[in-house]
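Heads up, the sequence shown is in my numbering, so the first residue is 29 and it goes up one at a time.
Every residue gets a Cβ at the ideal spot worked out from N, C-alpha and C, and that includes glycine.
Source: prediction; values computed, not measured.
Written below as structure tokens is the structure these notes are about.
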Amino acid sequence: MLKRLIVTLLIIAGVLVLAAVGLDRWISWKTAPFIYDDLTALPHRQVGVVLGTAKYYRTGVINQYYLYRIQGALNAYNSGKVNYLLLSGDNALQSYNEPITMRRDLIAQGMPAADIVLDFAGFRTLDSIIRTRKVFDTNDFTIITQRFHCERALFIALNMGIQAQCYAVPSPKNMLSVRVREIGARLGALSDLYLMKREPRFLGPLIPIPARHDIPQGAQGYPAVSPEQLLEMQQKPPHDDKPAPPGTAKRQVIDATGEAGESGPR
Numbered sequence: 029m030l031k032r033l034i035v036t037l038l039i040i041a042g043v044l045v046l047a048a049v050g051l052d053r054w055i056s057w058k059t060a061p062f063i064y065d066d067l068t069a070l071p072h073r074q075v076g077v078v079l080g081t082a083k084y085y086r087t088g089v090i091n092q093y094y095l096y097r098i099q100g101a102l103n104a105y106n107s108g109k110v111n112y113l114l115l116s117g118d119n120a121l122q123s124y125n126e127p128i129t130m131r132r133d134l135i136a137q138g139m140p141a142a143d144i145v146l147d148f149a150g151f152r153t154l155d156s157i158i159r160t161r162k163v164f165d166t167n168d169f170t171i172i173t174q175r176f177h178c179e180r181a182l183f184i185a186l187n188m189g190i191q192a193q194c195y196a197v198p199s200p201k202n203m204l205s206v207r208v209r210e211i212g213a214r215l216g217a218l219s220d221l222y223l224m225k226r227e228p229r230f231l232g233p234l235i236p237i238p239a240r241h242d243i244p245q246g247a248q249g250y251p252a253v254s255p256e257q258l259l260e261m262q263q264k265p266p267h268d269d270k271p272a273p274p275g276t277a278k279r280q281v282i283d284a285t286g287e288a289g290e291s292g293p294r
């Protein structure tokens, strides 16, 4: 009896794993026609959306995923493939600001500040993609990130009727663990799109591109998300998270996929 139960559980687990891998491969297949590894073959779009990630890991080691995205964004801009860069990332904590960090590094390498637009409410890939259309009034744009991330971002875009394409920048070697986690992220995206019907945590007023946005050096906010609105969001737990116990401080946890989350102390 016990042996039969174990065999049944193993079969169920195997079917679930195969289903997860199958859905992962399906997303890759569906988005493949819209991904470009060769910059010279990339069609021109007015806006390039750079999906944010941490510049450093918690160990202090620099994040190669970040470096490749910054260099890819510069290459796309300097080659005339995009006219503006929309830097979309997390700004939920005062000590952690992906868009400002990306902006600072791009300007240091010669990128004109006037051609950079910041989105401080790109808390998740879904937020970044949908906000590009609904807040920044851009429906055909180039996403700039690694290929595995391109596939998930494009899948979200296609399902929302957004005419996006992706410039796939290189990935570091030895990314097996990241790729395995990506399967879970894709299952989450499927749930968000087909089951939960989720929208971005925050939309805000319409800010079309191109538009001149003067961002003070070291600024911690942007008109699309005011400091007061950010504070309000920090005080409210996300719709899919449980409130932390009283007195429990949260810290930012970053993985190489570019997704940022929160967890209590271990």
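Among the options, the one whose alpha carbon lies nearest that of residue i
i      : options                           : result
CYS194 : ASN119, ILE157 and ARG131         : ILE157
VAL45  : PRO228, ILE211 and SER219         : ILE211
ASN91  : ILE184, ARG209 and PRO200         : PRO200
ILE63  : ILE235, PRO198, PHE148 and MET203 : PRO198
ARG207 : MET29, LEU30, VAL49 and MET130    : VAL49
SER205 : LEU186, THR129 and PHE176         : PHE176
LYS83  : TYR105, LEU134, PRO61 and LYS109  : LEU134
ARG214 : ARG229, PRO140 and ARG180         : ARG180
MET139 : LEU223, TYR105, ARG209 and GLU126 : TYR105
LYS336 : TYR124, ARG229, GLU126 and MET224 : No statement about residue 336 is possible, as the shown extent of the chain runs from 29 to 294 and does not include it.
VAL110 : LEU70, ASN125, ALA196 and TYR124  : LEU70
Three-way DSSP call (helix, strand, coil) for residue i in this model
i      : result
GLN137 : coil
LEU46  : helix
GLY100 : helix
ILE235 : coil
ASP118 : strand
ALA69  : helix
ILE172 : strand
VAL208 : helix
ILE144 : strand
GLY108 : coil
GLN74  : coil
GLN193 : strand
TYR84  : strand
PRO274 : In this prediction, PRO274 has a pLDDT of 37, which is less than 50 and means its spatial position is unreliable; what the coordinates show is noted afterwards. PRO274 falls in the coil class under three-state DSSP.
Spatial distance of residue i from residue j (CA atoms)
i      : j      : result
CYS178 : LEU37  : 34 Å
LEU231 : THR153 : 14 Å
ARG53  : GLY216 : 15 Å
ILE39  : LEU33  : 10 Å
GLU227 : ASP155 : 7 Å
VAL35  : VAL43  : 12 Å
ILE171 : TRP57  : 17 Å
PHE148 : ILE128 : 9 Å
LYS31  : ARG86  : 44 Å
MET203 : GLN174 : 11 Å
LEU221 : ILE184 : 8 Å
LEU51  : PRO61  : 17 Å
ASN27  : ILE55  : With the chain represented from 29 up to 294, any question about residue 27 goes unanswered, as that position is not in the structure.
MET130 : ALA47  : 37 Å
ARG132 : HIS72  : 25 Å
ASN125 : LEU223 : 31 Å
ALA41  : MET29  : 18 Å
TYR93  : ASN167 : 26 Å
PRO273 : GLN137 : Any reading at PRO273 is ruled out, since the residue's pLDDT is 37, under 50, leaving its predicted position unreliable.
ARG209 : ALA141 : 35 Å
Beta-carbon proximity of residue i to residue j, cut-off 7 Å
i      : j      : result
LEU218 : THR59  : no
ASP143 : TYR112 : yes
THR160 : PHE169 : yes
ASP165 : LEU234 : yes
ASP237 : VAL75  : What sits at residue 237 in the sequence shown is Ile, not Asp. Contact flag set, yes.
LEU67  : SER107 : yes
Quick check: the segment 117-136 against the segment 76-83, are at least 3 beta-carbon pairs closer than 8 Å? By the Cβ criterion, the segment 76-83 is in contact with the segment 117-136, since at least three pairs of Cβ atoms, one from each stretch, lie closer than 8 Å.
If contact is defined by three or more beta carbon pairs under 8 Å, each pair taking one atom from either stretch, is the segment 186-193 in contact with the segment 86-105? Look at the beta carbons and you see the segment 86-105 not touching the segment 186-193: under three pairs across the two are nearer than 8 Å.
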